[in-house]
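K.L.:
Take a look at this one; I'll ask things after.
Number of protein chains: 2
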Amino acid sequence: MRLSKRGEYGLRAMILLATPGPEGRPAMLQIREISERENIPTKFLEQILLALKNAGLLHSKMGVGGGYYLAKPACEITLGQIIRILDGPLAPVKCVSQVAYEPCGCPDEATCGLRMVMFDVRAAMTAILDKTTLEDVTKRMQAQKALLGK
Amino acid sequence: MRLSKRGEYGLRAMILLATPGPEGRPAMLQIREISERENIPTKFLEQILLALKNAGLLHSKMGVGGGYYLAKPACEITLGQIIRILDGPLAPVKCVSQVAYEPCGCPDEATCGLRMVMFDVRAAMTAILDKTTLEDVTKRMQAQKALLGK
DNA sequence: CAAAAGTCTATTATTTCTATAGACTTTACA
DNA sequence: TGTAAAGTCTATAGAAATAATAGACTTTTG
């Protein structure tokens, strides 16, 4: 039941890209800068950002002075979207996935106890991940920093 | 964020072993029988049941007429216990695991937004998995069967 | 045009997952 | 008492997913 490194790195990069800079709004950042600040292998991050770009969550600017920036306001991007792009369906077993349903091989799906429970688990996870936006996350971080006097 | 096959098979086997037979209480079953009824590769299931036995959740009887049976009442075994034995910690990232904590490489754990959210996700998952017992599952299955007239 | 930056595809390395093999031990019972 | 039925245990093979690296290419700015 673990998030992959790809997913973890992607989320951390997106959160960083959503963090308001000195001017108050999220800034454009270069791959290099993100990888250094978050301890992510540069070339691996490159692939991840590209995937997020191709999925429409990021835009980029090529050439000197270029970089990546959010394609939409941070309040319109959920963690669930990001994880699904990088790691696939959130469901713990395929037979409870909304998007990527597949039978799981149990004798009778209609009365499968495991399926019933995993359905609930999936619901509990998506209730958080599909509701929490990048803005929610950066606000929580700011609040915590203020609380700790950082 | 997926349950492994090992975990899935183990849970299905345990649920079957917890299901009351004709005499009203959970029966002793042989590996062969479980693997046939649940479509699980026999030799793989063997390893899984052995792990669950060594962890104290199952007892076994060797020799002719032997088999596996629950080491405790079904109401005292939770799905969370089973998954942790077979798949390791439930936490989506190691830095929010209670049992298997490891730092995750973020610049500052105290103000890490991803960590805060994943902490909530972990809590939501364990709220279900550490509360749901094998008995809960078999009862839900029976109720569903009754509802469908099976 | 040169340097900085993203794009894209391929490949390798590592790990985890899934499964199989096979020799061994215990038990029941004919 | 010996044989067949069952679990025990360790090793390892095969396959798939994950993680990471490489390198050639394109775009942009000055």
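Protein chains in written order, with this note's numbering: chain A, 92 to 241; chain B, 92 to 241. Don't be surprised by glycine CBs; every beta carbon is placed ideally from N, CA and C.
#1: Our contact map puts Val228(B) next to Val208(A) with C-beta atoms below 8 Å; I'd like the distance itself, whole angstroms only.
#2: Report yes if the C-beta distance between Pro198(B) and Ser188(B) is below 8 Å; otherwise report no.
#3: According to DSSP, is Thr223(A) part of a helix, a strand, or is it coil?
#4: Under 8 Å, do Cys186(A) and Glu193(A) count as touching if we go by C-beta distance?
#5: Can you pull the chain A residues whose beta carbon is under 8 Å from the beta carbon of Asp178(B), in chain order?
#6: Kindly say whether Leu161(B), judged by its beta-carbon, lies nearer than 8 Å to any beta-carbon of chain A.
#7: Please state whether DSSP places Leu239(A) in a helix, a strand or coil.
#8: For Glu99(A), is the classification buried or exposed, using 16 other Cβ atoms within 10 angstroms of its Cβ as the cut-off for buried?
#9: Output needed in chain order: residues of the region 192-206 of chain B with a Cβ under 9 Å from some Cβ in chain A.
#10: What residues are listed by DSSP as bridge partners for Lys152(B)?
#11: Counting only Cβ pairs nearer than 8 Å, list the residues of chain B close to Pro183(A).
#12: Identify the contact partners of Asp221(B) in chain A, using a Cβ-Cβ distance below 7 Å as the criterion.
#13: Exposed or buried, what is Gly101(B) when buried is set at 16 or more other beta-carbons lying within 10 Å of its beta-carbon?
#14: According to DSSP, simplified to helix, strand and coil, what is Leu120(A)?
P.N.:
Once the coordinates are examined:
#1: Here residue 228(B) corresponds to residue number 137 of the second sequence, with the count starting at 1. Here residue 208(A) corresponds to residue number 117 of the first sequence, with the count starting at 1. About 6 Å separates the two Cβ atoms, so the contact holds.
#2: Here residue 198(B) refers to the residue found at position 107 of the second sequence. Here residue 188(B) refers to the residue found at position 97 of the second sequence. No. Outside cutoff.
#3: Counting from 1 along the first sequence, the entry for residue 223(A) is found at position 132. In the three-state DSSP reduction, Thr223(A) falls in the coil class, being neither helix nor strand.
#4: If you number the first sequence from 1, residue 186(A) lands on position 95. If you number the first sequence from 1, residue 193(A) lands on position 102. In contact: Cys186(A) and Glu193(A) (Cβ atoms closer than 8 Å).
#5: What you label residue 178(B) is simply residue 87 of the second sequence in a count that begins at 1. Near Asp178(B) (Cβ distances below 8 Å), the residues of chain A are Met92.
#6: Locating residue 161(B) in the second sequence gives position 70, counting from the first residue. Put simply, the CB of Leu161(B) is far from chain A, with every gap to its CB atoms at 8 Å or more.
#7: Reading the first sequence from its first residue, position 148 is the one you call residue 239(A). In this structure, Leu239(A) counts as coil in the three-state DSSP scheme.
#8: As a first step, residue 99(A) is located in the first sequence; it is residue number 8 there, counting from the start. Counting Cβ neighbours within 10 Å, Glu99(A) comes out buried, since at least 16 surround it.
#9: Residues of the region 192-206 of chain B with a C-beta atom less than 9 Å from some C-beta of chain A are Cys195, Gly196, Cys197, Pro198, Asp199, Ala201, Thr202, Cys203, Gly204 and Leu205, listed in chain order.
#10: As a working mapping, residue 152(B) is identified with position 61 in the second sequence. Its beta-bridge partners are Gly158(B).
#11: For the purposes of this step, residue 183(A) is taken as residue 92 along the first sequence, with counting starting at 1. Residues of chain B with a Cβ closer than 8 Å to the Cβ of Pro183(A) are, in chain order, Met92, Arg93 and Leu94.
#12: Here the question's residue 221(B) lines up with position 130 in the second sequence. Chain A residues near Asp221(B): none, gap ~11 Å exceeds 7 Å.
#13: For the purposes of this step, residue 101(B) is identified with residue 10 of the second sequence, where counting begins at 1. Result: buried.
#14: As a position in the first sequence, residue 120(A) is number 29, starting the count at 1. If DSSP states are grouped into helix, strand and coil, Leu120(A) belongs with the strands.
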